[in-house]
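**Student:** With the first letter of the sequence shown counted as 1, position 13 gets the number 13 in full-length UniProt numbering; the numbers rise by one all the way through. Glycine is no exception: its CB is placed at the ideal position from the N, C-alpha and C atoms.
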Amino acid sequence: MDIKGKTALVTGAATGIGLEYVKELLRNGAQNVAVLDFDARKGENAVKELKKEYGSGRVIFIKTDVTNATELEEGFKKTYETFKALDIVINNAGILDDGRWELEIAINVNAVVRGTLLGFQYMGKDKGGKGGIVVNIASILGLAAIAGCPVYTATKHAVVGITRSLGLPYHFDRTGVRVVAICPGVTDTNLISEAHKRQLSGEWGRECGREVDELPKQRPEHVAKEMMRLIKKGGSGSLWVCEGGQPAYEIHIPDRQTLKVE
Numbered sequence: 001m002d003i004k005g006k007t008a009l010v011t012g013a014a015t016g017i018g019l020e021y022v023k024e025l026l027r028n029g030a031q032n033v034a035v036l037d038f039d040a041r042k043g044e045n046a047v048k049e050l051k052k053e054y055g056s057g058r059v060i061f062i063k064t065d066v067t068n069a070t071e072l073e074e075g076f077k078k079t080y081e082t083f084k085a086l087d088i089v090i091n092n093a094g095i096l097d098d099g100r101w102e103l104e105i106a107i108n109v110n111a112v113v114r115g116t117l118l119g120f121q122y123m124g125k126d127k128g129g130k131g132g133i134v135v136n137i138a139s140i141l142g143l144a145a146i147a148g149c150p151v152y153t154a155t156k157h158a159v160v161g162i163t164r165s166l167g168l169p170y171h172f173d174r175t176g177v178r179v180v181a182i183c184p185g186v187t188d189t190n191l192i193s194e195a196h197k198r199q200l201s202g203e204w205g206r207e208c209g210r211e212v213d214e215l216p217k218q219r220p221e222h223v224a225k226e227m228m229r230l231i232k233k234g235g236s237g238s239l240w241v242c243e244g245g246q247p248a249y250e251i252h253i254p255d256r257q258t259l260k261v262e
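(1) According to the neighbour-count rule (16 or more other Cβ atoms, all chains shown, within 10 Å of its Cβ), is Asp-97 buried or exposed?
(2) Tell me whether Glu-81 is buried or exposed, calling it buried when 16 or more other Cβ atoms sit within 10 Å of its Cβ.
(3) Would you mind stating whether Ala-13 and Asp-39 have Cβ atoms separated by less than 7 angstroms?
(4) What does the alpha-carbon distance come out to for the pair Thr-67 and Glu-262?
(5) Comparing C-alpha positions only, which one of Arg-58, Ala-85, Ile-95 and Lys-78 sits nearest to Arg-198?
(6) Where does Lys-84 land, buried or exposed, given buried means 16+ other C-beta within 10 angstroms?
(7) How many Å lie between Val-22 and Asn-136 at the Cα?
(8) Going by beta-carbon coordinates alone, are Ala-144 and Val-160 separated by less than 7 angstroms?
(9) So the alpha helix (DSSP H) Pro-220 belongs to, where does it begin and stop?
(10) In whole angstroms, give me the CA-to-CA distance for Ile-231 and Ile-133.
(11) Please name the residue in Glu-102, Val-113, Ala-147 and Ala-154 whose C-alpha comes closest to that of Thr-163.
(12) Would you call the CB atoms of residue 292 and Val-212 closer than 7 angstroms?
(13) With 16 as the cutoff for other CB atoms within 10 Å, does Gln-218 come out buried or exposed?
(14) With the cut-off set at 7 angstroms, would you say Gly-124 and Asn-91 are in Cβ contact?
(15) What is the C-beta distance between Thr-153 and Ala-93, in whole angstroms, given that I count them as a contact (C-beta under 8 angstroms)?
Written out as structure tokens, the structure is:
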């Protein structure tokens with residue numbers, strides 16, 4: 001997909017890596033981007049600055065609690081009504097907060113599923129759309145496990161699973177919508193820097209912090225640049241790891257029979 005001239009919607013995009021995705025989309029020629037976030041003040045400030053740099057009329061902010069089905073649906077509806085198009089959806093909103101694990105599941109799993117299905121609804125060729133792409137934000141912890149944040153780990157495994165399933169030819173052939181996932185490693189954001197404070201116990205939080213500290217770090221700007229590569233060439237159902245500031249690479253999950261322990 002050529003990003004130039006396309007319309008994108010990004011959740012959790014008022015700050016951090018979500019905002020970097022928005023900036024990189026605009027740098028790559030996206031015509032319009034909708035910034036969805038629950039924090040109205042930060043979202044409006046972000047869009048104000050984006051308009052100064054990239055021009056008025058290309059970016060809008062929509063206050064959205066992704067755990068609220070009606071609000072998320074309205075976010076998609078307003079984006080489409082404003083720009084008369086939708087080509088790229090990035091389900092970025094997420095938290096690392098096992099201390100509030102029910103909310104964590106609502107944001108990291110339920111909202112991703114709903115956002116992907118809404119992507120099908122608004123972009124699917126079977127619904128009168130032109131096709132497009134949904135990018136789900138998983139994690140290297142969707143492919144491995146650490147002890148300190150088990151619920152977060154489970155949510156990212158879920159993102160990998162829904163991406164692989166909805167990315168299969170059965171869905172792509174009907175909708176023309178690619179569903180892909182990026183699995184970032186430890187990225188320098190508040191989500192990571194404060195993770196040790198938000199686990200199920202102080203002991204688990206310390207273990208989470210220790211485990212995260214052992215992993216290679218990277219900047220959000222790097223992940224955003226690699227995201228553009230994925231949007232341009234990632235096949236439906238594909239999983240891409242972006243870790244330690246290195247180029248993103250696609251991975252293949254082996255058939256279970258090859259993993260049999262003798």
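**Tutor:** In terms of the structure at hand:
(1) buried
(2) If you draw a 10 Å sphere on the C-beta of Glu-81, you find fewer than 16 other C-beta atoms in it, and that means exposed.
(3) no
(4) Put simply, the backbone Cα of Thr-67 is about 44 angstroms away from that of Glu-262.
(5) Ile-95
(6) With fewer than 16 Cβ atoms within 10 Å of its Cβ, Lys-84 is classed as exposed.
(7) Rounded to the nearest angstrom, the two C-alpha atoms are 15 angstroms apart.
(8) With contacts defined as CB atoms closer than 7 angstroms, Ala-144 and Val-160 fail to qualify as a contacting pair.
(9) 220-233
(10) Straight-line Cα distance between these residues: approximately 7 angstroms.
(11) Nearest in C-alpha terms to Thr-163, of all of Glu-102, Val-113, Ala-147 and Ala-154, is Val-113.
(12) Beyond the ends of the chain as shown, which are 1 and 262, falls residue 292; an answer cannot be given.
(13) buried
(14) no
(15) Between Ala-93 and Thr-153 the Cβ distance is about 18 angstroms, and since that is not below 8 angstroms, they are no contact.
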